[in-house]
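J.: Submitted below is the structure of interest, expressed as C-alpha coordinates.
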Amino acid sequence: MITLLALSGSLRAGSSNTVLLEAAALLAPPDLRITLYEGIGSLPHFNPDLDGDMPPESVRELRRRIGAADGLLISCPEYARGIPGSFKNALDWLVGSSEFPGKKVALFNASPRASEAQAALRLVLRTMSAEIVEEASITLPLLATRLEPKAMAREPGIAEPVVAALTAFARAIATPG
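So that you can map any letter, position 58 of the sequence shown is 58 in UniProt numbering, and since no number is skipped, the others follow by simple counting.
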(Lines of atoms letter the chains of each structure in order from A and count residues from 1; the text may use other names and numbers.)
(Lines give C-alpha, C1' and ligand atoms only; values in the text may rest on other atoms or scores of the structure.)
Protein backbone atom coordinates (compact mmCIF):
# COMPACT_ATOMS: atom_id res chain seq x y z
CA MET A 1 0.00 0.00 0.00
CA ILE A 2 1.33 3.41 -1.01
CA THR A 3 0.48 6.19 1.43
CA LEU A 4 0.24 9.86 0.52
CA LEU A 5 -0.07 12.80 2.86
CA ALA A 6 -2.19 15.54 1.30
CA LEU A 7 -1.37 19.14 2.23
CA SER A 8 -3.68 22.00 1.36
CA GLY A 9 -2.13 25.44 1.24
CA SER A 10 -5.47 27.01 2.14
CA LEU A 11 -6.96 27.36 5.60
CA ARG A 12 -10.32 28.52 4.19
CA ALA A 13 -13.36 26.31 4.81
CA GLY A 14 -14.58 24.96 1.48
CA SER A 15 -11.33 25.80 -0.29
CA SER A 16 -11.22 24.39 -3.83
CA ASN A 17 -7.68 23.20 -3.05
CA THR A 18 -8.80 21.19 -0.03
CA VAL A 19 -11.88 19.87 -1.82
CA LEU A 20 -9.66 18.76 -4.72
CA LEU A 21 -7.47 16.80 -2.30
CA GLU A 22 -10.55 15.25 -0.68
CA ALA A 23 -11.84 14.24 -4.12
CA ALA A 24 -8.43 12.73 -4.91
CA ALA A 25 -8.75 10.58 -1.77
CA LEU A 26 -12.11 9.31 -3.06
CA LEU A 27 -10.64 8.60 -6.51
CA ALA A 28 -7.43 6.94 -5.33
CA PRO A 29 -6.67 3.53 -6.85
CA PRO A 30 -7.06 0.60 -4.40
CA ASP A 31 -3.30 0.40 -3.75
CA LEU A 32 -3.11 4.08 -2.74
CA ARG A 33 -4.25 5.68 0.54
CA ILE A 34 -4.48 9.46 0.83
CA THR A 35 -4.78 11.18 4.21
CA LEU A 36 -5.37 14.91 4.55
CA TYR A 37 -3.13 16.75 7.03
CA GLU A 38 -5.26 19.36 8.79
CA GLY A 39 -2.78 20.93 11.21
CA ILE A 40 -1.16 23.66 9.12
CA GLY A 41 -3.15 26.44 10.81
CA SER A 42 -2.06 25.29 14.26
CA LEU A 43 1.69 25.33 13.61
CA PRO A 44 3.54 28.07 15.50
CA HIS A 45 5.35 30.77 13.56
CA PHE A 46 8.67 29.37 12.42
CA ASN A 47 11.49 30.30 14.76
CA PRO A 48 14.91 28.64 14.40
CA ASP A 49 15.42 29.05 18.15
CA LEU A 50 12.53 26.61 18.72
CA ASP A 51 13.82 24.09 16.20
CA GLY A 52 16.38 22.35 18.37
CA ASP A 53 16.26 18.95 20.03
CA MET A 54 12.62 19.36 21.04
CA PRO A 55 10.57 21.45 18.57
CA PRO A 56 6.90 22.10 19.37
CA GLU A 57 4.68 18.99 19.40
CA SER A 58 2.67 20.14 16.36
CA VAL A 59 5.92 20.40 14.37
CA ARG A 60 7.07 16.95 15.53
CA GLU A 61 3.69 15.53 14.49
CA LEU A 62 3.94 17.12 11.03
CA ARG A 63 7.44 15.73 10.60
CA ARG A 64 6.33 12.26 11.74
CA ARG A 65 3.50 12.26 9.23
CA ILE A 66 5.79 13.49 6.44
CA GLY A 67 8.32 10.79 7.30
CA ALA A 68 5.69 8.03 7.33
CA ALA A 69 4.24 9.02 3.93
CA ASP A 70 5.56 7.59 0.68
CA GLY A 71 4.78 10.88 -1.04
CA LEU A 72 3.13 14.27 -0.63
CA LEU A 73 0.17 15.57 -2.57
CA ILE A 74 0.07 19.37 -2.37
CA SER A 75 -2.62 21.76 -3.56
CA CYS A 76 -1.87 25.40 -2.86
CA PRO A 77 -3.68 28.63 -3.78
CA GLU A 78 -2.06 31.87 -4.81
CA TYR A 79 -2.29 34.85 -2.47
CA ALA A 80 -0.89 38.16 -3.75
CA ARG A 81 1.09 36.25 -6.42
CA GLY A 82 2.77 33.99 -3.89
CA ILE A 83 2.49 31.08 -1.48
CA PRO A 84 0.10 31.74 1.42
CA GLY A 85 2.05 32.64 4.55
CA SER A 86 0.62 29.79 6.64
CA PHE A 87 1.71 27.21 4.06
CA LYS A 88 5.18 28.74 3.68
CA ASN A 89 5.42 28.61 7.48
CA ALA A 90 4.73 24.85 7.39
CA LEU A 91 7.41 24.40 4.73
CA ASP A 92 9.87 26.44 6.80
CA TRP A 93 9.41 23.98 9.67
CA LEU A 94 10.41 21.18 7.29
CA VAL A 95 13.58 22.79 5.91
CA GLY A 96 15.87 21.47 8.64
CA SER A 97 14.07 18.15 9.04
CA SER A 98 15.48 14.80 8.02
CA GLU A 99 12.03 13.59 6.89
CA PHE A 100 11.54 15.90 3.92
CA PRO A 101 14.60 15.75 1.63
CA GLY A 102 14.08 13.39 -1.30
CA LYS A 103 10.32 13.14 -0.68
CA LYS A 104 8.30 12.68 -3.89
CA VAL A 105 5.72 15.42 -4.41
CA ALA A 106 2.79 15.86 -6.80
CA LEU A 107 1.33 19.34 -7.18
CA PHE A 108 -2.39 19.74 -7.78
CA ASN A 109 -3.40 23.27 -8.78
CA ALA A 110 -7.07 24.27 -8.53
CA SER A 111 -6.67 27.40 -10.69
CA PRO A 112 -4.79 28.09 -13.93
CA ARG A 113 -4.44 31.69 -12.66
CA ALA A 114 -2.27 30.53 -9.75
CA SER A 115 0.86 30.28 -11.91
CA GLU A 116 3.01 32.66 -9.82
CA ALA A 117 2.42 30.70 -6.61
CA GLN A 118 3.06 27.42 -8.42
CA ALA A 119 6.40 28.73 -9.69
CA ALA A 120 7.33 29.96 -6.20
CA LEU A 121 6.21 26.67 -4.64
CA ARG A 122 8.28 24.66 -7.11
CA LEU A 123 11.33 26.80 -6.33
CA VAL A 124 10.89 26.36 -2.57
CA LEU A 125 10.26 22.62 -2.83
CA ARG A 126 13.28 22.05 -5.07
CA THR A 127 15.43 24.11 -2.69
CA MET A 128 14.22 21.80 0.08
CA SER A 129 15.30 18.76 -2.03
CA ALA A 130 11.81 17.53 -2.88
CA GLU A 131 11.45 15.37 -5.97
CA ILE A 132 8.54 16.90 -7.91
CA VAL A 133 6.87 14.28 -10.11
CA GLU A 134 5.84 16.33 -13.13
CA GLU A 135 3.66 13.66 -14.76
CA ALA A 136 1.63 13.55 -11.54
CA SER A 137 1.23 17.34 -11.26
CA ILE A 138 -1.93 18.83 -12.77
CA THR A 139 -3.84 22.10 -13.03
CA LEU A 140 -7.63 22.10 -13.12
CA PRO A 141 -9.99 25.10 -13.54
CA LEU A 142 -11.95 24.74 -10.30
CA LEU A 143 -12.32 28.34 -9.13
CA ALA A 144 -15.92 29.18 -8.27
CA THR A 145 -17.16 25.66 -9.06
CA ARG A 146 -18.24 25.16 -5.42
CA LEU A 147 -18.35 21.38 -5.91
CA GLU A 148 -18.18 18.99 -2.98
CA PRO A 149 -15.59 16.18 -3.08
CA LYS A 150 -18.12 13.51 -4.14
CA ALA A 151 -19.45 15.74 -6.94
CA MET A 152 -15.87 16.39 -8.13
CA ALA A 153 -15.20 12.66 -8.10
CA ARG A 154 -18.23 12.10 -10.35
CA GLU A 155 -17.27 14.85 -12.83
CA PRO A 156 -15.30 13.22 -15.71
CA GLY A 157 -13.41 16.44 -16.52
CA ILE A 158 -12.03 16.40 -12.98
CA ALA A 159 -11.97 12.69 -12.13
CA GLU A 160 -10.08 11.52 -15.21
CA PRO A 161 -7.04 13.82 -14.87
CA VAL A 162 -6.95 13.23 -11.09
CA VAL A 163 -6.95 9.44 -11.53
CA ALA A 164 -4.30 9.68 -14.26
CA ALA A 165 -2.12 11.88 -12.04
CA LEU A 166 -2.52 9.58 -9.02
CA THR A 167 -1.69 6.54 -11.15
CA ALA A 168 1.45 8.28 -12.47
CA PHE A 169 2.40 9.30 -8.93
CA ALA A 170 1.98 5.75 -7.58
CA ARG A 171 4.11 4.44 -10.47
CA ALA A 172 6.84 7.02 -9.75
CA ILE A 173 6.86 6.12 -6.05
CA ALA A 174 6.97 2.38 -6.77
CA THR A 175 9.83 2.78 -9.26
CA PRO A 176 13.17 3.00 -7.45
CA GLY A 177 15.70 5.68 -8.32
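Each residue gets a CB set at the ideal place from its N, CA and C atoms; glycine is no exception.
(1) Does the distance from the C-beta atom of leucine 73 to that of phenylalanine 108 stay below 8 Å?
(2) Going by DSSP in three states, asparagine 47 sits in which element: helix, strand or coil?
(3) Is the distance from the Cβ of glycine 71 to the Cβ of leucine 4 below 8 Å?
(4) How should proline 156 be labelled, buried or exposed, when 16 other C-beta atoms within 10 angstroms of its C-beta is the threshold for buried?
(5) Look at the alpha carbon of leucine 50 and the alpha carbon of proline 56, and state the distance between them as a whole number of angstroms.
(6) Using a threshold of 8 Å, state whether the C-beta atoms of threonine 145 and proline 112 are closer than that.
(7) Name the two residues that bound the continuous beta strand (DSSP E) containing glycine 71.
(8) Roughly how many angstroms separate the alpha carbons of serine 10 and leucine 121, rounded to a whole number?
(9) In its own chain, which residues sit with a C-beta less than 6 Å from the C-beta of alanine 6, not counting the 5 before and 5 after it?
(10) Would you tell me roughly how many angstroms separate the C-alpha atoms of tyrosine 79 and proline 44, rounded to the nearest one?
(11) Could you give the distance in angstroms between the alpha-carbon of glycine 85 and the alpha-carbon of isoleucine 66?
(12) Would you kindly check if the distance between the Cβ of serine 129 and the Cβ of alanine 106 is under 8 Å?
T.: A quick look at the data gives this:
(1) By one-based count along the sequence shown, residue 73 stands at place 73. By one-based count along the sequence shown, residue 108 stands at place 108. In this structure, phenylalanine 108 lies closer than 8 Å to leucine 73 by Cβ.
(2) Along the sequence shown, read from residue 1 onward, the residue named residue 47 stands at position 47. Coil.
(3) Residue mapping note: residue 71 aligns to position 71 of the sequence shown, counting from 1. Residue mapping note: residue 4 aligns to position 4 of the sequence shown, counting from 1. Contact flag set, yes.
(4) For the purposes of this step, residue 156 is taken as the residue at position 156 of the sequence shown. Answer is exposed; the Cβ neighbour count stays below 16.
(5) Here residue 50 corresponds to residue number 50 of the sequence shown, with the count starting at 1. Here residue 56 corresponds to residue number 56 of the sequence shown, with the count starting at 1. Between leucine 50 and proline 56, the C-alpha separation is close to 7 Å.
(6) Position 145 of the sequence shown holds residue 145. Position 112 of the sequence shown holds residue 112. Taking 8 Å as the Cβ cut-off, threonine 145 and proline 112 do not qualify as a contacting pair.
(7) The residue labelled residue 71 in the question sits at position 71 within the sequence shown. It spans 71–75 - the beta strand (DSSP E) in which glycine 71 sits, taken as one unbroken run.
(8) Counting from 1 along the sequence shown, the entry for residue 10 is found at position 10. Counting from 1 along the sequence shown, the entry for residue 121 is found at position 121. Spanning the two alpha carbons is a distance of roughly 14 Å.
(9) Within the sequence shown, numbered from 1, the residue matching residue 6 stands at position 6. Here the set comprises Leu21, Ile34, Leu36, Leu73.
(10) As a first step, residue 79 must be located in the sequence shown, where it is residue number 79. As a first step, residue 44 must be located in the sequence shown, where it is residue number 44. Distance between the alpha carbons of tyrosine 79 and proline 44: 20 Å.
(11) Numbered from 1 along the sequence shown, position 85 holds the residue referred to as residue 85. Numbered from 1 along the sequence shown, position 66 holds the residue referred to as residue 66. When rounded, the distance between both Cα atoms is 20 Å.
(12) As a working mapping, residue 106 is identified with position 106 in the sequence shown. As a working mapping, residue 129 is identified with position 129 in the sequence shown. Result no, Cβ atoms of alanine 106 and serine 129 do not sit closer than 8 Å.
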